[in-house]
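Asker: Same order as they appear, the protein sequences are chains A and B. Quick note, the working numbering runs 402 ahead of the 1-based positions in the first sequence. Quick note, the working numbering runs 18 ahead of the 1-based positions in the second sequence. Virtual Cβ for every residue (Gly too), placed ideally from N, Cα, C.
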Amino acid sequence: MERWQLITGVVLAYLVVTLVIGIVAGRRTTRGVTGYVAADRQFGLLAMYFVIGASVFSAFAFLGGPGWAYSRGMAVLYILSYGVIGLAPWYFIGPRSARLGRARGYVTQAQLVTGRFPSRSLSALMAAIAIIAFIPYVMLQMSGAGIVFEAVTQGNIPFWAGAALAYGVVVLYVLLGGASAVGWTNVFEGVLMVVVAWILGLWLPYELYGGIGPMFDQIAAARPELLTVPGLDSAGNPWTWTAYSTAFLSSAIGLCMWPHLFMKAFAARDDRTLRRTVVLYPTFQLFLIPLILVGFAGVLFSSHPENPDFILPHVLLNTDMPFLMVGLFCAGALAASMSTGDALLHGAASIAVEDAIAPFVRFSEYAQRRLIQILVVVIGLVAYYFAIVMQPNLVLLLLTAYAFIDQLAPPVYAALYWKRATTAGVLSGLFGGMATAVLFVLRPGLRPLGIHEGILGLVVNVALLVTVSHMTRPQNDEHASGFLAIARGPRKKAPDRLTIQDPRT
Amino acid sequence: MTGRSVRVLVVVWGALYIACLSWPGLTLFNRIEPKILGMPFVMAFVAGWLVLGLLVFIVVDRVVSREETELGDEAARASMPDKRH
């Protein structure tokens with residue numbers, strides 16, 4: 403057998419295992435929307451840890467992370483930095499959301515926000531933002547899968563076939579198993595991608611340079627500009643502190659606002675599980691370090707790929723590695739892509755139905771579930787078509803997606819914490835913030851001081867939220883207080899000093 | 019440690035994190051040497067903050083979980099039938 407066939411065999415084995423796990427997992431949930439979208443609110447710590455970790459880390463982390471280290475040096479550190487601080491707020495807002503979810507039956511982020519700020523336009527707008535941000539993100543994952551297959555099989559399995567194979571499996575298990583399938587396949591995919599990353603990242607510097615320290619000594623001698631922050635931009639010129647810092651800030655603000663992550667608060671078994679997921683998350687984040695080391699290992703490598711994002715497969719294929727390792731790397735890269743792609747497809751379909759359609763059209767839970775399943779297939783096909791036919795500059799699209807996702811932060815925080823916020827305030831802020839973000843995405847040259855467009859949108863968003871809320875009538879006190887009381891959960895009561903103590907107790 | 023002071027701890031850690039891992043704080047630690055575990059200092063510095071985050075949240079979670087258990091016990095006691103009659 404030829405080497406590429408053996409490698410493909412390993413990858414196919416991984417795909418079959420993933421599919422089986424997804425289908426079996428899906429069998430255990432109920433037939434309604436809560437089962438399909440929120441896994442009956444039953445995820446324990448193992449599932450939550452991997453659902454969040456593996457969904458956050460996608461093909462961008464596995465291929466783009468090393469790609470950034472290789473071509474942009476320590477600019478990559480912003481990606482290492484923002485995860486932990488980005489997820490930290492979820493320690494508090496996750497349980498708040500979950501309590502409301504249990505009390506009021508919410509399964510999506512927009513249901514939570516419109517539960518506090520009733521408005522079908524707001525629901526539809528939030529759904530639109532989510533889908534606008536999700537589609538390029540899914541396209542990027544499909545592209546990543548296709549390119550990995552093409553690279554490791556040396557073209558024998560072309561780009562379009564690799565993407566179709568990997569995402570055919572994803573669509574199938576998401577269709578049949580819903581959130582539960584996403585959760586349990588993410589456990590398997592998560593373990594695989596973390597193990598593969600650590601093995602490669604520790605092995606490669608030793609194999610090529612005799613160690614991690616020696617590798618950086620050699621890079622420091624040849625290309626010292628790569629080893630300090632802010633590193634380089636995509637053209638190879640020095641990156642600016644402003645760009646680095648605002649990319650970091652924008653990503654940190656937006657991370658837990660991504661609807662496909664946020665809605666997992668509704669899938670957790672209890673608040674303790676949610677909190678522990680956040681506590682343990684840094685352990686997952688650390689796996690970016692070996693991937694960064696792999697990227698740096700490519701800097702002084704004997705040959706260079708055309709596209710810096712493919713430094714990892716390039717180095718692997720040009721180093722003497724057993725086919726099993728190459729197969730496992732390929733499976734790991736696919737796992738990184740699929741574990742994000744499945745949550746995105748599942749999330750996009752759920753949000754489209756629950757937030758953009760159901761508020762306007764009455765239909766049964768069973769019909770809603772069916773429609774979500776249909777949309778999983780439709781959205782998958784649409785994204786696949788665009789990924790294959792258009793192949794646009796997806797990394798650029800992804801970075802701008804954060805600009806839109808950031809705008810979801812003020813409505814969510816206002817819903818959970820600010821009593822004086824009104825529906826008009828939230829809607830104005832969201833519209834204004836989105837319009838600003840879109841403007842600066844289309845005309846990046848207009849950005850003052852080169853500040854990230856997400857941050858600029860947030861300034862307008864928050865200003866409008868606060869101003870318009872104060873200019874409009876406050877919400878009904880019972881409604882707002884009731885909502886916030888559920889969010890807050892049980893609190894220690896102050897000792898009541900006026901009751902007379904019963905001496906007998 | 020109380021639930022209140024835990025929130026303060028998180029906010030302080032969060033503010034320091036942002037200050038130290040972007041401009042201007044990071045400029046002070048933006049060096050290659052000394053290397054830690056083979057990594058350039060600035061990279062190890064960032065990794066160190068991740069580990070600190072883990073430790074801070076372990077402590078925070080201990081306190082919050084203990085408070086949650088106490089509230090659960092209180093609620094259970096409050097709903098117990100009055101044995102005096």
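Quick check: is the beta carbon of P468 (chain A) nearer than 8 Å to any beta carbon in chain B?
Answerer: Chain B, which has no Cβ nearer than 8 Å to the Cβ of P468 (chain A), makes this no.
Asker: Just to confirm my understanding: we take H551 (chain A), look at its own chain, exclude 5 residues before and 5 after, and list those with CB closer than 6 Å. What are they?
Answerer: According to the sequence as given, residue 551 (chain A) is Phe; it is not His. I559, G564, listed in sequence order.
Asker: Against chain A, which members of the stretch 60-71 of chain B pass a CB distance test of less than 8 Å?
Answerer: Answer in chain order: V60, M61, V64, A65, W67, L68, V69, G71.
Asker: Assess contact between the stretch 861-876 of chain A and the stretch 494-502 of chain A, defined as three or more Cβ pairs (one per stretch) separated by less than 8 Å. Is contact present?
Answerer: Taking 8 Å as the limit for Cβ pairs, the verdict is that the stretch 494-502 of chain A does not touch the stretch 861-876 of chain A.
Asker: I'd like the span of the alpha helix (DSSP H) that includes T910 (chain A), first residue to last.
Answerer: The question about residue 910 (chain A) has no answer here: the residues shown for chain A are numbered 403 through 907.
Asker: In the DSSP output, which residue or residues are listed as bridge partners for T634 (chain A)?
Answerer: Looking at the sequence itself, residue 634 (chain A) is Leu, so the reference to Thr does not match. Answer by DSSP bridge pairing, in chain order: A:P640.
Asker: Just the chain B side, please: which residues come within less than 9 Å of T630 (chain A) by C-beta, in chain order?
Answerer: Near T630 (chain A) (Cβ distances below 9 Å), the residues of chain B are N48, R49, I50, P58, V60.
Asker: Which chain B residues are close to W643 (chain A), counting only those with a beta carbon under 9 Å from its beta carbon?
Answerer: The contacting residues are S40, W41, P42, L44, T45.
Asker: With DSSP as the reference, please indicate the residues paired to I54 (chain B) in a beta bridge.
Answerer: In DSSP, I54 (chain B) forms a bridge with B:M57.
Asker: Using a Cβ-Cβ cut-off of less than 9 Å, give me the residues of the stretch 672-699 of chain A that come near chain B, in sequence order.
Answerer: Cβ contacts with chain B: D673, R674, R677, R678, V680, V681, L682, Y683, P684, T685, Q687, L688, I691, I694, L695.
Asker: Determine the direct distance from the alpha carbon of S23 (chain B) to that of V861 (chain A), and round the result to whole angstroms.
Answerer: Rounded to whole angstroms, V861 (chain A) to S23 (chain B) spans 30 Å at the Cα level.
Asker: Does any residue of chain B bring its CB to less than 8 Å from the CB of S741 (chain A)?
Answerer: No, S741 (chain A) does not count as interfacial toward chain B.
Asker: So that I know if they touch, is there some Cβ in chain B lying closer than 8 Å to that of S705 (chain A)?
Answerer: Judged by the 8 Å Cβ criterion, S705 (chain A) is not in contact with chain B.
Asker: What number of angstroms, rounded off, separates the C-alpha of V598 (chain A) from the C-alpha of L604 (chain A)?
Answerer: Computed Cα separation, rounded: 10 Å.
Asker: Examine chain A for any beta-carbon lying closer than 8 Å to the beta-carbon of S23 (chain B), and answer yes or no.
Answerer: For S23 (chain B), the answer is no, since every Cβ of chain A falls outside 8 Å of its Cβ.
Asker: Identify the contact partners of G615 (chain A) in chain B, using a Cβ-Cβ distance below 9 Å as the criterion.
Answerer: Under the 9 Å cutoff, chain B gives K53, L55, G56, M57.
Asker: How many whole angstroms separate the CB atoms of S523 (chain A) and L718 (chain A), which I take to be in contact at a CB cut-off of 8 Å?
Answerer: About 50 Å; that fails the 8 Å criterion.
Asker: Is W586 (chain A) near G446 (chain A), with beta carbons less than 8 Å apart?
Answerer: No, these two residues do not count as a Cβ contact at 8 Å.
Asker: My output table needs one value for F445 (chain A): the three-state DSSP class, helix, strand or coil.
Answerer: Strand at F445 (chain A).
Asker: Start and end of the alpha helix (DSSP H) containing D744 (chain A)?
Answerer: Segment 725-753, the alpha helix (DSSP H) holding D744 (chain A).
Asker: Using DSSP's beta-bridge definition, name the partner residues of A670 (chain A).
Answerer: In the DSSP output, where bridge partners are listed per residue, A670 (chain A) has A:F445.
Asker: Please state the DSSP three-state secondary structure of P661 (chain A).
Answerer: It is helical.
Asker: Taking Cβ to Cβ, would you say V755 (chain A) is nearer than 8 Å to Q770 (chain A)?
Answerer: Contact: yes.
Asker: Inspect the beta-carbon positions of V509 (chain A) and F668 (chain A) and report whether they are closer than 8 Å.
Answerer: Cβ atoms of V509 (chain A) and F668 (chain A): closer than 8 Å.
Asker: Using CA atoms only, rank isn't needed, just tell me which of B:G66, B:L55, B:E92 is closest to C38 (chain B).
Answerer: Minimum Cα distance to C38 (chain B) is reached at B:G66.
Asker: Would you identify the three-state DSSP class for P960 (chain A), choosing helix, strand or coil?
Answerer: Outside the shown range of chain A (403 to 907) lies residue 960 (chain A), about which nothing can therefore be said.
Asker: If E85 (chain B) sits next to G21 (chain B), beta carbons under 8 Å apart, how far is it from one beta carbon to the other, in whole angstroms?
Answerer: Confirmed, Cβ separation roughly 5 Å.
Asker: Please work out which residues of its chain come closer than 7 Å, Cβ to Cβ, to F19 (chain B), disregarding the five sequence neighbours upstream and downstream, and give them in chain order.
Answerer: Per the sequence shown, residue 19 (chain B) should be read as Met rather than Phe. Excluding residues within five positions, the ones whose Cβ falls inside 7 Å are V81.
Asker: With 7 Å as the C-beta to C-beta threshold (strictly closer), list the residues of the stretch 473-492 of chain A near chain B in chain order.
Answerer: Residues passing the 7 Å Cβ filter: M476, L479, L482, S483, V486, I487, A490.
Asker: Check whether the Cβ of L651 (chain A) lies closer than 8 Å to any Cβ atom in chain B.
Answerer: Yes, its Cβ sits closer than 8 Å to a Cβ of chain B.
Asker: Is the Cβ-Cβ distance between W41 (chain B) and W643 (chain A) less than 8 Å?
Answerer: Closer than 8 Å, so yes.
Asker: Taking the beta carbon of N863 (chain A) as the centre, do at least 16 other beta carbons fall within 10 Å, making it buried, or is it exposed?
Answerer: Buried.
Asker: Within 10 Å of its beta-carbon, does R95 (chain B) have 16 or more other beta-carbons around it, so buried, or fewer, so exposed?
Answerer: Per the 10 Å Cβ criterion, exposed.
Asker: Are the Cβ atoms of S652 (chain A) and A805 (chain A) separated by less than 8 Å?
Answerer: Yes, the Cβ-Cβ distance between S652 (chain A) and A805 (chain A) is below 8 Å.
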